[in-house]
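In order, the protein sequence lines correspond to chains W and H. Everything in the first sequence is counted per my numbering, starting at 1 for the first residue and increasing by one. Everything in the second sequence is counted per my numbering, starting at 1 for the first residue and increasing by one. Backbone N, C-alpha and C fix where the C-beta goes; we use that ideal spot for every residue, glycine too.
Number of protein chains: 2
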Amino acid sequence: MIVALAGGVGGARLAAGLAAALPARELTVVVNTGDDFEHLGLTICPDLDTVMYTLAGINNAIAGWGRADESWNFMDTLGKLGGETWFRLGDRDLAVHVIRSLAAHGGMPLSEVTRKLASRFGIRHAILPMSETPVRTRVRTGHGELSFQDYFVRLRCRPRVRGFRFAHRRQAAPPAPLRKLFRAGAVTAVVLCPSNPYVSIAPILAVPEIGAWIRRRDFPVVAISPIIGRAAVKGPAAKMMRELGQEPSALGVVRHYGRLVDGWVIDNRDSKLGAAIAREGKRVLATNTLMTDRGKSLRLAAATLAFARTFATARG
Amino acid sequence: MIVALAGGVGGARLAAGLAAALPARELTVVVNTGDDFEHLGLTICPDLDTVMYTLAGINNAIAGWGRADESWNFMDTLGKLGGETWFRLGDRDLAVHVIRSLAAHGGMPLSEVTRKLASRFGIRHAILPMSETPVRTRVRTGHGELSFQDYFVRLRCRPRVRGFRFAHRRQAAPPAPLRKLFRAGAVTAVVLCPSNPYVSIAPILAVPEIGAWIRRRDFPVVAISPIIGRAAVKGPAAKMMRELGQEPSALGVVRHYGRLVDGWVIDNRDSKLGAAIAREGKRVLATNTLMTDRGKSLRLAAATLAFARTFATARG
Chain W
1 MIVALAGGVG GARLAAGLAA ALPARELTVV VNTGDDFEHL GLTICPDLDT
51 VMYTLAGINN AIAGWGRADE SWNFMDTLGK LGGETWFRLG DRDLAVHVIR
101 SLAAHGGMPL SEVTRKLASR FGIRHAILPM SETPVRTRVR TGHGELSFQD
151 YFVRLRCRPR VRGFRFAHRR QAAPPAPLRK LFRAGAVTAV VLCPSNPYVS
201 IAPILAVPEI GAWIRRRDFP VVAISPIIGR AAVKGPAAKM MRELGQEPSA
251 LGVVRHYGRL VDGWVIDNRD SKLGAAIARE GKRVLATNTL MTDRGKSLRL
301 AAATLAFART FATARG
Chain H
1 MIVALAGGVG GARLAAGLAA ALPARELTVV VNTGDDFEHL GLTICPDLDT
51 VMYTLAGINN AIAGWGRADE SWNFMDTLGK LGGETWFRLG DRDLAVHVIR
101 SLAAHGGMPL SEVTRKLASR FGIRHAILPM SETPVRTRVR TGHGELSFQD
151 YFVRLRCRPR VRGFRFAHRR QAAPPAPLRK LFRAGAVTAV VLCPSNPYVS
201 IAPILAVPEI GAWIRRRDFP VVAISPIIGR AAVKGPAAKM MRELGQEPSA
251 LGVVRHYGRL VDGWVIDNRD SKLGAAIARE GKRVLATNTL MTDRGKSLRL
301 AAATLAFART FATARG
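Printed below as a string of structure tokens:
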């Protein structure tokens, strides 16, 4: 069993590649829910939706969120009636939020409604929220602490970040199927998808049971750098690294994770960093990490899995 | 000031005619909220919406509910995901329900969010819910008591009715602007629109303060029969009358209301009933009551207003 930790577009794309490379019983995608928020009376889980839509092949690859085939009549009307439109919700997308919110209101665990929705979208691989209970990423900035979506969508990542906090993380409850994996010893590798280290992967690791399980591991942790050259493929990762005094490069990401990651997958364009990463005590695989289509996602996933297997062999 | 009591399609069409005939300061439309219900986590007020959309000229005249220019991508997706689709909500329509539900959740009175929505739709005349607090029409049938929308939409009015109950009517709180009219003595006539007597007008009259105000009136009450010949223009009114042992005719409607109504507007096709209605002690106006376009709504409204003025003159 491979467990992938994912959030955002890069995470969703690698998860889709892993799902194409592995049978359903051999992959569990654990998704960041720190971005979740309550909006317009609905519970919205942006990363779960991005992973679900991407695995179902109905994601909007250009926008990086929402569905490809979408209409905006709800949002347009909401705007005309004076409602809030800074967070865009498409007409079809809205059905997911309504079903999830109703389920939550009725006491259904988030993992269960996620499973039902994913099944309706024809997804056979397990997608699990990192927690059944709400964990909320808070962004510390020069203008005070912001909720994640305020920072990310409404303020378009403009405020300079000083740090992050994952509210209610101590009460976080990983779903039962994930807890089962903690005990079973059946996990052969954990893959950190090329997601933002601070706001996609860190919230998952901040769930105490998940963090403890990975730290005491008997399996390798391999990660794909979300930074190529000096830039994030998508999103504010490089900007955040600069603002936090870290070097915005694959090497900076390697140093950020430290002992948590055993092997690194970096882009061919960064192969000159290979020696420096090796000096950090890590094994390195350089390949094409830019997932501009589903074929490239599958090839990166397959290369990452093969890389992970070399650790198992080394240990075995 | 003319106060019109309205619910359903006939009520909305006469309300639009009255709004075309009267300046904004001379008309208040009081709308049935007994049909309101909670669905998909939203507070839905079908009669308020029908009146609002009809006054705004954006109603779907063929369906008799919803908006003319509408899309169904939310509902179609909801169905594919296993959600409930028996109550159809269009993508544009949904914006109204979301705004109203958010307002209710935030403690805003229903009359206030209705005023704001109507204003955004360009409506200048006052549309008021009969109560700020929920009143719920319950339908007694051979198969037990049903919620109104269960009976009306889900079961398509098939169950035989035995009676009605307006849950929470004793706690009903008419909006402040309506209470002001109770005291002011400025009302020159109340018009009962050609709405279903049992499930559109009766819930309004069942609000204790509204019923008491109309019974102790110093103004005439005129009504338009929702029955032409032996049939309701739209909806289950004639079926309900038969099931309750009342004659499904304009005369049956007259007898149903008894002393509450002073003058009746009936269709030309029922002019032969004029003498029988006169024997009930009522004045009668026969005219064309079928509002198949906005011009006909305006002409019926103007004729009804002229008819109401003859009572004022008689009393004066």
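Cross-strand partners of H:R136 (DSSP beta bridge): For H:R136, the pairing in a beta bridge is given by DSSP as H:A167.
query: Looking only at C-alpha atoms, which of W:Y53, W:P236, W:E112 sits nearest to W:P194?
result: Comparing Cα positions, the closest option is W:P236.
message: Can you look up H:R162 in the DSSP assignment and give me helix, strand or coil?
response: Here H:R162 sits in strand by DSSP.
task: State buried or exposed for W:I62, treating a residue as buried only when at least 16 other CB atoms are found within 10 Å of its CB.
output: When all chains shown are included, W:I62 counts as exposed.
task: Please classify W:S147: does DSSP put it in a helix, a strand, or coil?
output: Note: W:S147 maps to strand in three-state DSSP.
- prompt: Can W:I58 and W:L27 be called in contact, C-beta distance under 8 Å?
  reply: No; because the gap between Cβ atoms is not below 8 Å, this pair is not in contact.
- prompt: Contact between the region 241–255 of chain W and the region 210–220 of chain W: three or more CB pairs below 8 Å?
  reply: Taking a cut-off of 8 Å for Cβ pairs, the region 241–255 of chain W and the region 210–220 of chain W do not touch, as fewer than three such pairs fall below it.
task: Would you verify that the beta carbon of W:N59 is, or is not, closer than 8 Å to some beta carbon of chain H?
output: By this cut-off, W:N59 is not an interface position.
- prompt: Closest to H:R120 by CA distance: which of W:N268, W:I123, W:G82 is it?
  reply: It is W:G82.
- prompt: Using 8 Å as the limit for Cβ to Cβ distance, is H:K180 near chain W?
  reply: Chain W contact via Cβ: absent.
task: With 7 Å as the C-beta to C-beta threshold (strictly closer), list the residues of the region 48–72 of chain W near chain H in chain order.
output: Going along the region 48–72 of chain W in chain order, one finds S71 with a Cβ nearer than 7 Å to chain H.
task: If I'm right that W:L117 touches W:M52 with Cβ under 8 Å, what's the distance once you round it to whole angstroms?
output: 6 Å between Cβ atoms; contact.
message: Tell me whether W:P177, by its Cβ, gets closer than 7 Å to a heavy atom of the ligand SAH.
response: Absence of the ligand SAH from the depicted structure is noted, as is the absence of any ligand whatsoever, leaving it without description.
Helix, strand or coil at H:T287 according to DSSP, with G and I counted as helix: For H:T287, the secondary structure class from DSSP, reduced to helix, strand or coil, is strand.
- prompt: Can you tell which of H:L89, H:T85, H:F74, H:L94 has the C-alpha that lies nearest to the C-alpha of W:T77?
  reply: Closest option to W:T77, Cα to Cα, is H:L94.
field: First and last residue of the uninterrupted beta strand (DSSP E) at W:V187
entry: It is not in any beta strand (DSSP E) - W:V187 carries neither H nor E in the DSSP assignment.
- prompt: Which residues bound the beta strand (DSSP E) around H:G263?
  reply: Boundaries of the beta strand (DSSP E) around H:G263: 263–267.
- prompt: From H:L14 to H:L260, what does the alpha carbon distance come to, in whole angstroms?
  reply: Whole-angstrom Cα-Cα distance: 20 Å.
query: Which of helix, strand or coil does DSSP assign to W:G316?
result: Any reading at W:G316 must be qualified, since the residue scores a pLDDT of 40, below 50, and its modelled position is unreliable; the value itself is stated next. Of the three classes helix, strand and coil, the one that applies to W:G316 here is coil, per DSSP.
Residue ranges of each beta strand (DSSP E) within the region 20–64 of chain H, 3 or longer: Given a length threshold of 3 residues, each whole run of the beta strand (DSSP E) inside the region 20–64 of chain H is given here in chain order: 27–31, 37–39, 42–44.
message: Below 7 Å on C-beta distance, what does W:H168 contact in chain H?
response: Simply none; closest approach about 22 Å.
field: Three-pair Cβ contact test at 8 Å for the region 165–173 of chain W versus the region 120–134 of chain W
entry: Contact between the region 165–173 of chain W and the region 120–134 of chain W is present, with at least three C-beta pairs closer than 8 Å.
field: CB contact below 8 Å: H:G316 versus chain W
entry: With a pLDDT of 40 at H:G316, under the threshold of 50, the modelled position of this residue cannot be trusted, and the question is left open.
field: Beta-carbon spacing of W:A21, W:A302 below 8 Å
entry: Going by C-beta atoms, W:A21 is nearer than 8 Å to W:A302.
task: Could you say which of H:A212, H:A186, H:T188, H:S225 lies nearest to H:S200 if we only look at CA atoms?
output: In terms of CA proximity to H:S200, H:S225 leads the group H:A212, H:A186, H:T188, H:S225.
field: DSSP bridge partner residues for H:P129 (one or two, in chain order)
entry: In DSSP, H:P129 forms a bridge with H:V31.
- prompt: Who pairs with W:L5 in a beta bridge, going by DSSP?
  reply: As a beta-bridge residue in DSSP terms, W:L5 pairs with W:V30, W:L192.
query: Is H:D293 buried or exposed, if buried means 16 or more other CB atoms sit within 10 Å of its CB?
result: By the Cβ-count criterion, H:D293 is exposed, with fewer than 16 other Cβ atoms from all chains shown falling within 10 Å of its own Cβ.
message: Would you say H:F74 lies against chain W (beta-carbon separation less than 8 Å)?
response: Taking Cβ atoms only, chain W reaches closer than 8 Å to H:F74, which makes this a yes.
- request: Using the DSSP secondary-structure output, state which residues sit across from H:T85 in a beta bridge.
  value: Per DSSP, H:T85 has no beta bridge partner at all.
query: For a contact meaning CB atoms closer than 7 Å, what does W:D91 contact in chain H?
result: Those within 7 Å of W:D91 in chain H are S71, N73, F74, D91.
field: Distance between H:G34 and H:L55 (C-alpha atoms, nearest Å)
entry: In a straight line, the C-alpha of H:L55 is about 20 Å away from that of H:G34.
message: I'd like to know whether the C-beta atoms of W:G90 and W:G107 end up nearer to each other than 8 Å.
response: No, Cβ-Cβ distance for W:G90 and W:G107 is not below 8 Å.
- request: Using 10 angstroms around the beta-carbon of H:N268, count the other beta-carbons present and answer buried if the total reaches 16, otherwise exposed.
  value: Here H:N268 is exposed, its C-beta having fewer than 16 other C-beta atoms within 10 Å.
- request: Using a Cβ-Cβ cut-off of 8 Å, state whether W:A95 counts as contacting chain H.
  value: So, interface residue.
query: Are the C-beta atoms of W:I266 and some chain H residue less than 8 Å apart?
result: No, W:I266 lies away from the interface with chain H (no Cβ there is under 8 Å from its Cβ).
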